[in-house]
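S.K.:
Number of protein chains: 2
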Amino acid sequence: MPDAAVYQGHAAVRAGILVTGTEVLTGIISDRNGPWLSEQLAGLGVDVLGVLVVGDRPDDLRSGLAYFAAQGVSLIVTSGGLGPTADDLTAEIVAGFCGRSLELDAGLEGRIAEIVSRLRVRFPGVDPEALREANRKQALVPVGASVLEPVGTAPGLVVPPGDGAVGPTVMVLPGPPGELKPMWDSAQSVSAFRSAIAGAPELRREMIRLFGIPEAEISVTLRAAAEAGIDLSALEITTCLRRGEIEVSTRFAPAAAGSYDALRQFILSRHADVAFAPDGETVDQLVAEALVADGSSVAVAESCTGGLLGARLTERAGSSAYFVGGAVVYSDEAKTSQVGVPAALISSHGAVSGEVALALAFGVRERFGASFGVGVTGIAGPGGGTAEKPVGLVWFAVSSSDGRSLVRSVKMPGGRAAVRERSTTVAMHLLLRVLRGEGDAPA
Amino acid sequence: MPDAAVYQGHAAVRAGILVTGTEVLTGIISDRNGPWLSEQLAGLGVDVLGVLVVGDRPDDLRSGLAYFAAQGVSLIVTSGGLGPTADDLTAEIVAGFCGRSLELDAGLEGRIAEIVSRLRVRFPGVDPEALREANRKQALVPVGASVLEPVGTAPGLVVPPGDGAVGPTVMVLPGPPGELKPMWDSAQSVSAFRSAIAGAPELRREMIRLFGIPEAEISVTLRAAAEAGIDLSALEITTCLRRGEIEVSTRFAPAAAGSYDALRQFILSRHADVAFAPDGETVDQLVAEALVADGSSVAVAESCTGGLLGARLTERAGSSAYFVGGAVVYSDEAKTSQVGVPAALISSHGAVSGEVALALAFGVRERFGASFGVGVTGIAGPGGGTAEKPVGLVWFAVSSSDGRSLVRSVKMPGGRAAVRERSTTVAMHLLLRVLRGEGDAPA
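First to last, the sequence lines map onto chains A and B.
Each number in the numbering used here corresponds to the 1-based position in the first sequence with 165 added.
Each number in the numbering used here corresponds to the 1-based position in the second sequence with 165 added.
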């Protein structure tokens with residue numbers, strides 16, 4: 166929980182998010198729609214009351230809708246339950262909830278049939294009569310609702326409360342995120358949706374990212390900012406530790422922009438050494454931009470991260486412009502044969518050492534002909550730790566073709582996956598520092 | 166939504182999960198506790214009504230508890246809101262909800278103080294008076310509740326309804342998953358928790374995994390099984406497409422084991438070629454076991470996956486026993502210099518081709534001295550596609566030291582991240598096939 170959240174309750178318009186799907190509820194697949202919709206709604210100035218995940222049972226859907234309605238929300242967004250089979254019930258239940266009857270939309274039925282006939286080519290064995298029935302089910306629309314055209318085969322809906330009724334408008338979206346997101350975009354212009362969120366205040370959202378201090382220090386800084394006379398009362402500040410970085414996220418109305426600018430300046434000057442992203446940039450973005458700006462390139466030699474650092478550096482489209490390649494050198498032999506780490510260095514200092522990390526960074530830079538080389542070697546656990554070199558100890562090095570280098574070690578908490586993941590973050594930050602000119606020149 | 170879910174409503178004991186935290190609600194961090202708790206409860210035969218995520222607002226916590234109580238659940242499990250700061254309110258609100266007053270537990274206060282004093286060494290600047298106050302807040306316990314000893318600094322609670330009151334028992338757990346999970350384990354023996362879920366039926370959960378068929382075919386298979394006389398009425402079957410594999414997950418009471426065995430046999434014989442895991446094993450586990458059993462080893466050469474395949478093969482503890490290393494060869498030059506792919510092969514067939522995939526697999530196996538080599542080369546997008554070689558086209562090859570090889574291409578849907586992720590799954594399956602003896606012998 167954020168230490169220093171300051172809630173002012175700006176937003177007058179509230180919404181609820183209802184995610185349906187037994188496979189989501191039981192943890193078989195994880196829900197990505199709830200958090201995504203929550204962020205979108207927040208961006209529109211809508212205050213999200215909650216995200217409720219229920220299974221595919223009619224009563225649970227109904228009670229979920231009733232729960233949000235009882236809290237006085239103006240809008241409920243649902244995800245899931247729009248498929249062609251009998252357990253896909255959302256449209257029918259929402260119609261009942263809004264006091265509207267279902268009617269066949271013949272035009273929509275035709276458009277769905279067309280989409281399905283294109284898909285059928287891939288699955289020729291399917292019974293055409295069953296298909297026709299499924300189409301028809303998906304084309305049943307509550308009277309007075311706006312139809313959102315299918316992205317997959319399922320249409321979405323915006324259903325205002327029935328004539329004379331009072332209650333929230335319900336936006337009905339499909340479950341697959343690849344269908345939900347474009348449909349959300351197209352729903353933005355639907356007038357029933359615009360009316361449901363009318364009155365939501367315009368809000369800005371800004372972020373500062375810091376790396377290398379405990380979260381508690383940010384609380385102290387926020388208190389100090391208030392004591393220094395900066396007005397925090399109109400700022401909704403959340404601090405969060407994510408992937409080893411501290412994110413200070415602030416929402417505010419345009420009128421409070423002056424207060425935010427003062428706070429931003431206060432944080433940046435107090436934490437100049439660790440506030441690497443004054444406007445919320447990710448370290449990945451900053452590394453990529455710095456490499457592109459210089460026309461330089463990078464290669465990596467990884468041991469305990471097993472390829473995760475290369476994978477992270479190639480996550481972005483266009484990374485082939487600066488990422489040359491990498492060596493995953495798990496065994497000592499591979500470190501020597503693939504990157505040229507002297508075997509004597511490994512035997513005298515151990516594979517997990519600053520010396521070997523630097524030899525990995527230097528060797529991979531030379532072998533791949535890159536401007537920068539990064540070396541990572543550590544003990545991800547759970548086995549392999551000793552008193553002197555415990556599980557979680559990881560050595561990092563960055564070597565630059567102009568002769569600079571940076572070597573650091575970190576003892577990380579957590580299990581194997583956490584140590585590996587966190588190691589990529591530390592490596593990215595060290596690379597960024599060298600890209601920004603840090604590092605020791607050769608003796 | 167699963168096509169073929171069959172719900173019988175076995176469970177008489179229902180529960181709700183209430184996740185608190187504004188940073189979870191707003192999507193800043195994703196909730197892992199809800200799905201995890203849901204799975205644990207299902208494993209105990211408890212029917213989970215829903216997972217509700219709300220922010221850190223007292224009214225929203227209260228209405229969330231009231232929502233689940235109104236549905237008649239016997240148990241509510243909360244996660245989050247147990248920190249030392251003023252916005253951490255769960256214990257207080259749950260006490261009120263259960264009709265119990267808060268009382269200082271002096272022994273607990275002492276134990277928390279001890280934990281905190283050890284942590285203080287890392288942050289020497291913190292005000293000791295503020296700390297004492299925070300300790301005291303965390304040691305306030307509803308009268309009659311069972312305390313779950315802190316894993317971090319926050320204790321958990323099991324709070325039965327107050328004397329004479331009717332309502333659910335509330336289990337209060339901290340938000341960090343690393344604290345929540347061990348505390349859940351220790352809560353299993355608490356009698357107030359055992360009574361809350363008394364009467365939940367014993368349920369078994371089994372899974373079959375398949376790779377390489379559309380989800381719709383499983384629906385057809387389930388219908389065929391019913392037509393063949395297998396009694397599905399006592400089986401709760403969910404099918405789900407995850408990471409490119411189909412998971413058929415079934416829950417059933419021990420009395421229905423015979424029906425499940427018949428269904429399992431029916432599916433396995435009908436889909437012998439694609440049902441790679443008859444008892445729910447992951448492909449990662451099967452690959453690791455096969456490599457260990459043979460005393461063999463693997464090395465990988467990856468282009469578009471950028472290190473993800475190496476990272477996946479080293480996810481498991483003990484992978485150094487069989488994973489030698491890998492080459493991330495993004496540029497054509499790297500493919501040639503690091504793995505020995507002939508430059509002429511690249512210029513005549515293109516970097517994304519079966520020939521280059523095989524040369525990568527062969528080359529990396531030879532250079533790293535491994536028993537098996539895997540090569541992956543493709544177009545992850547969004548740029549770089551052509552009519553002949555579109556975005557999403559990926560070539561795979563596996564080369565074995567006994568001369569066998571397997572070369573395949575797949576045209577994958579989805580964006581860059583999906584193509585890269587899915588590619589690692591395809592590569593794992595091809596490797597498993599070669600480990601199981603498939604592959605062409607040399608001409």
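Glycine included, C-beta positions come from ideal geometry on N, C-alpha and C.
Quick caveat: nothing in here was measured; it's all calculated off a predicted structure.
Using a cut-off of 9 angstroms between C-beta atoms, extract the partners of B/R581 located in chain A.
M.R.: What you label residue 581 of chain B is simply residue 416 of the second sequence in a count that begins at 1. The contacting residues are E480, R481, A482.
S.K.: So which residues on chain B does A/T403 lean against when the C-beta distance must stay under 9 angstroms?
M.R.: As a first step, residue 403 of chain A is located in the first sequence; it is residue number 238 there, counting from the start. T187, E188, T191, I193, listed in chain order.
S.K.: If you compare alpha carbons, which of B/L571, B/L510, B/L406, B/V489 is closest to B/E498?
M.R.: The sequence position of residue 498 of chain B within the second sequence is 333, counting from 1. Checking every option, the nearest Cα to that of B/E498 belongs to B/L510.
S.K.: Quick one, which residues of the segment 542-563 of chain B are near chain A if we go by CB-CB under 9 angstroms, in chain order?
M.R.: A545, G546, P547, G548, G549
S.K.: Under the three-state reduction of DSSP, which class applies to A/R598: helix, strand or coil?
M.R.: One-based indexing of the first sequence puts residue 598 of chain A at position 433. Of the three classes helix, strand and coil, the one that applies to A/R598 here is helix, per DSSP.
S.K.: List the residues of chain A whose Cβ lies closer than 7 angstroms to the Cβ of B/L217, in chain order.
M.R.: Numbered from 1 along the second sequence, position 52 holds the residue referred to as residue 217 of chain B. Per Cβ cutoff of 7 angstroms: G215, L217.
S.K.: Express the C-alpha separation of B/V316 and B/V281 in angstroms, rounding to a whole number.
M.R.: The sequence position of residue 281 of chain B within the second sequence is 116, counting from 1. The sequence position of residue 316 of chain B within the second sequence is 151, counting from 1. About 12 angstroms.
S.K.: Going along the chain, which residues of its own chain have a beta-carbon closer than 6 angstroms to the beta-carbon of A/T243, five neighbours each way excluded?
M.R.: As a working note, residue 243 of chain A is residue 78 in the first sequence. The residues are L183, T255, V337.
S.K.: Taking the runs of the alpha helix (DSSP H) that are 4 residues or longer, which of them lie wholly in the segment 417-458 of chain A?
M.R.: Runs of the alpha helix (DSSP H) inside the segment 417-458 of chain A: 422-435.
S.K.: Run through the segment 477-544 of chain A for me and flag every whole beta strand (DSSP E) of 3 or more residues, listed as ranges in chain order.
M.R.: 488-494, 537-543
S.K.: Would you tell me roughly how many angstroms separate the C-alpha atoms of A/G340 and B/S239, rounded to the nearest one?
M.R.: Position 175 of the first sequence, counted from the first residue, corresponds to residue 340 of chain A. Position 74 of the second sequence, counted from the first residue, corresponds to residue 239 of chain B. Using only the alpha carbons, I get a separation of about 29 angstroms.
S.K.: Are there 16 or more other CB atoms within 10 angstroms of the CB of B/D567, so buried, or fewer, so exposed?
M.R.: Taking the first residue of the second sequence as 1, we reach residue 567 of chain B at position 402. When all chains shown are included, B/D567 counts as exposed.
S.K.: Say whether chain C places a C-beta atom closer than 8 angstroms to the C-beta of B/P320.
M.R.: Among the protein chains of the structure shown, namely A and B, there is no chain C.
S.K.: Roughly how many angstroms lie between the CA atoms of B/A170 and A/T187, to the nearest whole one?
M.R.: On the second sequence, residue 170 of chain B is found 5 positions in, with the first residue counted as 1. On the first sequence, residue 187 of chain A is found 22 positions in, with the first residue counted as 1. Residue placement at B/A170 is flagged as unreliable, the pLDDT there being 36, under the threshold of 50; the coordinate-derived value follows with that caveat. If you draw a straight line from the Cα of B/A170 to the Cα of A/T187, it comes to about 9 angstroms.
S.K.: Going by DSSP, what residue range makes up the beta strand (DSSP E) through B/I182?
M.R.: Locating residue 182 of chain B in the second sequence gives position 17, where the first residue counts as 1. From DSSP, the beta strand (DSSP E) with B/I182 extends over 179-185.
S.K.: Are the CB atoms of B/P366 and B/G210 nearer to each other than 8 angstroms?
M.R.: The residue given as residue 366 of chain B occupies position 201 in the second sequence. The residue given as residue 210 of chain B occupies position 45 in the second sequence. It is a contact, given that the beta carbons lie within the stated cut-off.
S.K.: Please go through the same chain and pick out, in chain order, the residues whose beta-carbon is closer than 7 angstroms to the beta-carbon of B/A535, but skip the five residues on each side of it.
M.R.: As a position in the second sequence, residue 535 of chain B is number 370, starting the count at 1. Excluding sequence neighbours, B/A535 sits near S462, V463, A464, V489.
S.K.: At a Cβ threshold of 8 angstroms, is B/F376 touching chain A?
M.R.: Taking the first residue of the second sequence as 1, we reach residue 376 of chain B at position 211. With 8 angstroms as the cut-off, B/F376 does not count as an interface residue toward chain A.
S.K.: When you compare the CB of A/A260 with every CB in chain B, is at least one pair closer than 8 angstroms?
M.R.: Position 95 of the first sequence, counted from the first residue, corresponds to residue 260 of chain A. For A/A260, no CB of chain B lies under 8 angstroms from its own CB, so it is not counted at the interface with that chain.
S.K.: Can you find the residues in the same chain that come closer than 8 angstroms, C-beta to C-beta, to B/D605, ignoring five residues on each side of it along the sequence?
M.R.: For this step, residue 605 of chain B is matched to residue 440 along the second sequence. Around B/D605: R569, S570, L571.
S.K.: Do B/L226 and B/V216 have their C-beta atoms within less than 8 angstroms of each other?
M.R.: As a position in the second sequence, residue 226 of chain B is number 61, starting the count at 1. As a position in the second sequence, residue 216 of chain B is number 51, starting the count at 1. No. Outside cutoff.
S.K.: Return the CA-CA distance between B/T590 and A/A486, expressed in angstroms with no decimal places.
M.R.: Taking the second sequence and counting its residues from 1, the one referred to as residue 590 of chain B is at position 425. Taking the first sequence and counting its residues from 1, the one referred to as residue 486 of chain A is at position 321. Going from the Cα of B/T590 to the Cα of A/A486 covers about 26 angstroms.
S.K.: Does the beta carbon of B/G349 come closer than 8 angstroms to any beta carbon on chain A?
M.R.: Start at 1 with the first residue of the second sequence, and residue 349 of chain B comes out as number 184. According to the sequence displayed, residue 349 of chain B carries Trp and not Gly. B/W349 does not count as touching chain A.
S.K.: On the DSSP letters alone, give me the boundaries of the alpha helix (DSSP H) that A/I383 sits inside.
M.R.: Translated into positions along the first sequence, residue 383 of chain A becomes position 218. Where A/I383 is concerned, the enclosing alpha helix (DSSP H) stretches over 380-392.
S.K.: DSSP three-state call for B/L345: helix, strand or coil?
M.R.: Walking along the second sequence from the start, residue 345 of chain B turns up at place 180. Collapsing the DSSP output to three states places B/L345 in a helix.
S.K.: Whole angstroms are fine: how far does the CA of A/A516 sit from the CA of B/L473?
M.R.: Residue mapping note: residue 473 of chain B aligns to position 308 of the second sequence, counting from 1. Residue mapping note: residue 516 of chain A aligns to position 351 of the first sequence, counting from 1. Each residue's Cα considered, the two are about 23 angstroms apart.
S.K.: Would you call the segment 444-455 of chain A and the segment 580-596 of chain A in contact, with 3 or more CB pairs under 8 angstroms?
M.R.: yes
S.K.: Take every Cβ of the segment 192-210 of chain B, pair it with every Cβ of the segment 294-302 of chain B, and state whether three or more of those distances are shorter than 8 angstroms.
M.R.: no
S.K.: May I ask you to report which of helix, strand or coil DSSP gives B/I258?
M.R.: As a working note, residue 258 of chain B is residue 93 in the second sequence. B/I258 falls in the helix class under three-state DSSP.
S.K.: Go ahead and pull the three-state DSSP assignment for A/I280.
M.R.: Counting from one through the first sequence, the residue named residue 280 of chain A turns up at place 115. Helix at A/I280.
S.K.: In three-state terms, what does DSSP make of B/R336?
M.R.: As a first step, residue 336 of chain B is located in the second sequence; it is residue number 171 there, counting from the start. Position check: residue 336 of chain B holds Met in this sequence, whereas Arg was assumed. B/M336: strand per DSSP, three-state reduction.
S.K.: Counting C-beta neighbours from all protein chains within 10 Å, is the total for B/D328 16 or more, i.e. buried, or is it exposed?
M.R.: Counted from its first residue, the second sequence places residue 328 of chain B at position 163. The residue in question, B/D328, is exposed, as its Cβ has fewer than 16 Cβ neighbours within 10 Å.
S.K.: Please identify, using Cβ separations under 8 angstroms, the residues of the segment 487-514 of chain B that lie next to chain A, in order along the chain.
M.R.: Of all residues in the segment 487-514 of chain B, F488, V489, G490, G491, A492, V493, V494, Y495, S496, E498, A499, S502, Q503 have a Cβ within less than 8 angstroms of some Cβ in chain A.
S.K.: Pull the bridge partners of A/I411 from the DSSP assignment, please.
M.R.: As a position in the first sequence, residue 411 of chain A is number 246, starting the count at 1. Residue pairing of A/I411 in beta bridges, as defined by DSSP: A/L375, A/L406.
S.K.: Across which residues does DSSP place A/W560 in a beta bridge pair?
M.R.: Mapped onto the first sequence, residue 560 of chain A falls at position 395. Its beta-bridge partners are A/T542, A/S574.
S.K.: Span of the beta strand (DSSP E) holding A/E268?
M.R.: As a first step, residue 268 of chain A must be located in the first sequence, where it is residue number 103. First-last of the beta strand (DSSP E) with A/E268: 267-269.
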